Every structure is written in C-alpha cells, then in structure tokens.
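Those protein sequences? They're chains H and A, same order as listed. Counting from 1, position 112 in the first sequence corresponds to residue 112 in my numbering; the numbering is continuous, with no gaps. Counting from 1, position 46 in the second sequence corresponds to residue 46 in my numbering; the numbering is continuous, with no gaps. Here's the structure we're looking at; comments come further down.
2 protein chains.
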Amino acid sequence: MSKETYVPALLKLFRQFGYEGVTLTKISQETGLGKASLYHHFPGGKAEMAEAALNQANQWLESSVLPILMGAASQEGHSKAALINIFQAMCEETNRFFDGGHNSCLWAGLVLEQSSDALFHAQISEAFSTWIEAIAKILMSAGMDEPLARQRGEDAMISIQGALILSHSLHEFESFQRVLNELPKRLCEGI
Amino acid sequence: MSKETYVPALLKLFRQFGYEGVTLTKISQETGLGKASLYHHFPGGKAEMAEAALNQANQWLESSVLPILMGAASQEGHSKAALINIFQAMCEETNRFFDGGHNSCLWAGLVLEQSSDALFHAQISEAFSTWIEAIAKILMSAGMDEPLARQRGEDAMISIQGALILSHSLHEFESFQRVLNELPKRLCEGI
DNA sequence: CTATCTGTACCGTTCGTTCGGTATATTGAT
DNA sequence: ATCAATATACCGAACGAACGGTACAGATAG
C-alpha cells in the first residue's frame with residue numbers, strides 16, 4: 001500500500017481530535033498499520049502525519065473548490081445569476097466536504113491549539129488566503145471594487161467557520177445549511 | 001489563597017492550548033502552585049480545572065453580557081437607534097473579553113476536540129443558547145418575528161466565532177474588528 | 001537476492017495522579 | 001492566656017500508564 005492510502009484516515013483523525021488529541025495508538029487502529037509501518041511511510045512521525053492530513057485538506061481546496069471559481073473568473077462580465085450559480089456550486093462542494101456540518105474543520109482545529117498553530121501556520125494561512133482571493137477575484141471580474149470583494153471573501157470564510165462551530169456546539173446542523181444556502185446571494189449583494 | 005484566585009490562569013491556558021494541549025506542568029507554572037497543591041483546590045483533577053475555566057467563561061456571559069441585553073429587553077418598543085446602541089455595547093464587551101481578537105474562544109476550542117466536547121458539551125451548548133436567546137428576545141421586543149430573531153442571534157454567534165478563527169489563521173485582526181463594527185446594524189436589519 | 005514493508009518488543013520521557021508530610025492559621029476548652 | 005486540636009494551604013517525590021519513537025528480525029513481493 002502506498003503512503004497516500006492512509007492519508008484520508010489521518011485527515012479524519014486530526015479533524016476530530018486535533019493535534020494533541022490524536023495518539024499514535026489511535027492512528028494505528030484507524031489505519032490498521034503498526035507503529036513501525038507508520039514510521040516507514042511517515043519518517044517525520046506525528047508531525048509529518050498531521051502535515052499530510054493538512055496537505056490533503058489544502059489539496060481538496062485546490063482541486064475541488066478553486067476550479068469552480070477560477071474557471072469562471074477568467075472570462076469577464078458575469079451576470080449576477082451566473083455568479084450565484086458558481087457560488088452555489090462552491091457551497092455544495094463545501095457541504096459535501098464537511099458532511100453537512102458533521103465534520104469539523106482541520107484548519108480551525110489546528111489554529112485554536114496554539115502549539116500546533118506554530119507548526120502549521122503557513123499552510124493554514126495559505127489555505128484561507130487562497131480561498132478568499134479566489135472569491136474576491138471572481139467578484140471583481142463582475143465589477144465589484146477590490147476592498148469590498150476581499151471583505152466578501154473573508155465573510156464567506158467567517159460564515160462557514162462560524163457555522164461549523166455553532167452547529168457542533170448545539171448539535172444541530174440547520175444553521176450550517178442555512179448559512180450555505182444564503183451565502184451565494186450574500187456574496188453577490190450590491191452587484 | 002482561595003480556589004477562585006487561580007481560575008483566570010486556568011481560563012487563559014485552556015483557551016490557548018485546548019484541553020489536551022494543557023498539561024499539569026503548564027498549569028503549575030502559570031499558577032505558581034505545585035501539582036499536588038492543584039489537587040487540593042481541584043480534587044477532580046484536570047477535568048475539574050477545565051470545568052472551572054468553563055464556568056468562568058459562562059460567568060462572564062451571565063454577568064457582563066446578559067445584563068446589557070436583558071435590562072433593555074424588559075421594556076417594550078425600542079427605536080432602531082436604541083437597539084443599535086445596545087448591540088454596540090455588547091460588541092464592545094465582547095471585544096474586550098477577546099482582547100481585540102487576540103484571545104481565542106474556550107467554547108470553540110473545546111467543541112472542536114471531540115474528546116473534551118463529550119465532557120463539557122452541556123455547558124458549552126448552554127452558553128451559546130443563552131446568548132442567542134437573549135439577542136432574539138430583544139429583537140422580538142422591537143417587533144421582529146421569532147424565527148428571524150433567532151436566526152439573527154445565531155448569525156451573531158457565527159460571525160464572532162468565524163471572525164476569531166479567521167483572525168487567528170491570518171494573524172490579522174482587522175476582520176474581527178470589522179465584524180464587530182458591522183454586527184449591530186446587521187442584527188437590526190429589517191426593523 | 002534485493003528492496004520494501006510490517007510485527008514485536010522495547011526505549012526514554014512525560015502524562016495525570018497520589019502519597020506522605022510540613023507550615024501556618026483558626027478554633028475551643030481549660 | 002495557654003495549649004492542644006483541627007483545618008487550610010501547600011509541596012517534593014514518586015507512581016503506573018501512556019506517550020512518541022526506535023531497533024531489528026521476519027515476511028512479502030519483484
């Protein structure tokens with residue numbers, strides 16, 4: 001089995017328990033691999049395993065979200081309706097990735113542990129920046145001025161992250177769904 | 001020294017590192033107390049210390065936030081401007097508590113670790129519910145219908161939590177300030 | 001035969017926790 | 001006022017368990 005086989009299990013674990021909360025025993029159980037095998041595939045140990053999970057999340061962004069936005073941003077002059085469709089597709093993919101709100105966000109979990117934030121800050125920061133910029137670009141291609149477009153990109157991240165936390169806190173996932181449903185219109189407001 | 005003396009230090013630590021990230025050694029250093037002494041004040045061990053920190057956060061909500069909203073909700077018929085002033089006061093207190101976005105949220109941190117969520121879910125859930133309901137009540141007293149008022153309460157939590165995560169991820173705190181500045185008007189929209 | 005992979009057994013360290021005990025202050029009966 | 005008795009606050013040292021990580025020999029496959 002190749003290294004990549006086990007990365008989804010790593011993503012699941014670090015998402016669920018955070019960096020400090022994940023133990024090699026848990027990883028061993030989840031992957032079915034002994035510790036020695038884990039160190040064969042990830043010589044850097046726990047830190048490299050977490051980084052692999054993080055890369056998997058950033059990979060999702062790059063290969064499942066950005067294409068939706070970037071393919072559209074290249075051509076100028078979208079109608080408002082076309083923009084809303086694009087953002088709807090983005091939200092659907094986001095909803096799928098977070099399993100309707102049941103999955104929590106690896107980026108958020110690692111950021112809130114200051115200890116792991118130090119190790120992974122670069123990749124986390126890059127993920128958010130990339131996503132925000134992609135949203136801003138498509139809004140600017142539809143005529144929105146840059147500062148507002150950037151704010152809208154930030155608003156998207158804020159809404160998604162906040163809704164994930166609220167949903168987990170209340171064990172109730174309607175609010176996450178509502179946010180994703182309302183987000184496309186909110187982003188396009190004023191176009 | 002009494003037990004309450006050390007609770008602020010506990011709040012600071014569990015906020016910063018999460019439940020699994022905090023060690024008794026760190027607590028000992030931060031409080032200046034030996035490990036054994038900690039067990040004199042908190043016989044329940046680490047779990048009781050985290051619960052004390054959680055109670056401190058919930059206490060802040062009850063004694064510093066709810067009075068702003070509840071004193072106002074009792075009398076009927078606020079003008080929109082009066083409502084905005086009240087929510088502005090709420091946001092200022094929130095900004096103070098989170099030190100301009102530099103502090104992260106204990107509730108969010110514990111929720112994202114599934115292990116600790118199991119232990120503390122009741123208190124976290126209650127905190128969010130209480131805050132949401134207080135916002136909804138004051139909006140309803142100004143004539144807003146209940147489902148929308150509840151949604152606005154949820155939106156406030158979502159914005160605050162999301163902005164905290166984004167600010168920590170980007171090491172940039174303007175977005176947190178912007179959210180708090182815009183929140184009062186957003187909550188009152190449509191009144 | 002070689003290179004990759006894996007299970008067992010183990011390493012040193014740190015975890016949360018407990019034990020036994022000290023120092024100081026407060027009480028209560030004489 | 002005196003002096004034992006009690007209560008409170010605190011600490012050094014050590015506990016077993018679990019941690020992340022490693023050494024090494026056997027299995028497996030090309």
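Just so it is clear, CB atoms sit at the ideal spot from N, CA and C, and this is done for glycine as well. Predicted model only: the values in this text are computed from it and were never measured.
For a test of the three-state rule: what should DSSP assign to Asp-145(H), helix, strand or coil? Three-state DSSP puts Asp-145(H) in coil, outside helix and strand.
Within 7 Å (strictly less), CB to CB, does Ser-141(A) reach chain H? No, Ser-141(A) lies away from the interface with chain H (no Cβ there is under 7 Å from its Cβ).
Coarse secondary structure for Pro-8(H), derived from DSSP in three states: Pro-8(H) sits in a helix when the DSSP states are folded into three classes.
Residue closest to Met-157(H), alpha-carbon to alpha-carbon, out of Glu-146(H), Arg-186(H), His-168(H): Minimum Cα distance to Met-157(H) is reached at Arg-186(H).
Does Glu-92(A) come within less than 7 Å of chain H when only Cβ atoms are used? False, the Cβ-Cβ gap to chain H never drops below 7 Å.
Please tell me whether Gly-101(A) and Glu-113(H) are closer than 7 Å, where the distance is taken between their beta carbons. In this structure, Glu-113(H) does not lie closer than 7 Å to Gly-101(A) by Cβ.
Assign His-41(A) to one of three DSSP states: helix, strand, or coil. Taken through DSSP and simplified to helix, strand or coil, His-41(A) comes out as helix.
Of the residues Ala-118(A), Asp-117(A), Ser-159(A), Ala-127(A), which one's Cα is nearest the Cα of Glu-62(A)? Closest option to Glu-62(A), Cα to Cα, is Ala-127(A).
Rounded to a whole number of angstroms, what is the C-alpha to C-alpha distance between Gln-56(A) and Met-90(H)? Gln-56(A) and Met-90(H): Cα-Cα distance of roughly 39 Å.
Could you name the residues of the same chain whose beta carbon sits closer than 7 Å to that of Leu-119(A), not counting the 5 residues immediately before and after it, in chain order? Taken in chain order, the residues that qualify are Ala-47.
From this set, Glu-189(A), Leu-33(A), Thr-31(A), Leu-110(A), which residue's C-alpha is nearest Gly-143(A)'s C-alpha? Put simply, of Glu-189(A), Leu-33(A), Thr-31(A), Leu-110(A) the residue whose alpha carbon is nearest the alpha carbon of Gly-143(A) is Glu-189(A).
Please confirm whether Phe-17(H) has its beta-carbon closer than 7 Å to some beta-carbon of chain A. So, interface residue.
Is the CB of Gln-161(A) under 7 Å away from at least one CB in chain H? Yes - at least one Cβ of chain H is within 7 Å of the one on Gln-161(A).
Leaving out five residues before and five after Asn-181(A) in sequence, what residues of the same chain have Cβ atoms less than 8 Å from its Cβ? Closer than 8 Å at Cβ, skipping near neighbours: Cys-91.
With H, G and I counted as helix, E and B as strand and the rest as coil, what does DSSP make of Ile-191(A)? The three-state reading of DSSP puts Ile-191(A) in coil, since its state is none of H, G, I, E or B.
Euclidean distance between Cα positions of Ala-149(H) and Leu-170(A): So the alpha carbons of these two residues sit roughly 17 Å apart.
For chain H, find out if any of its Cβ atoms is closer than 7 Å to the Cβ of Leu-170(A); answer yes or no. Interface residue, yes.
Between Ser-175(A) and Glu-154(H), how many whole angstroms is the CB-CB distance? I'm expecting something under 8 Å. Between the beta-carbon of Ser-175(A) and that of Glu-154(H) there is about 5 Å, and that keeps the pair under the 8 Å contact cut.
In this structure, how does DSSP classify Asn-58(A) when only helix, strand and coil are distinguished? If DSSP states are grouped into helix, strand and coil, Asn-58(A) belongs with the helices.
Leu-176(A) (DSSP reduced to helix, strand or coil): The sequence shown places Phe at residue 176(A), not Leu. DSSP places Phe-176(A) in helix when its eight states are reduced to three.
Identify each residue in the segment 90-115 of chain A for which the Cβ-Cβ distance to at least one residue of chain H is less than 7 Å, and report them in chain order. Those would be Ser-104, Trp-107, Ala-108, Gly-109, Val-111, Leu-112, Glu-113, Gln-114, Ser-115, in chain order.
Could you pull out every residue in the same chain whose Cβ sits closer than 6 Å to the Cβ of Gly-109(H), ignoring the five residues on either side in sequence? Around Gly-109(H), the same chain offers Gly-18 as residues with beta carbons nearer than 6 Å, after the five sequence neighbours per side are excluded.
Which whole-angstrom value is the C-beta distance of Phe-192(H) and Ala-50(H), which I expect to be below 8 Å? Past the boundaries of the shown model lies residue 192(H); chain H is included only from 1 to 191, so the question cannot be answered.
Considering only residues of the same chain and omitting the five flanking positions on each side of Ser-64(A), which have a CB-CB separation below 6 Å? Closer than 6 Å at the Cβ level, and outside the excluded window around Ser-64(A), lie Glu-93.
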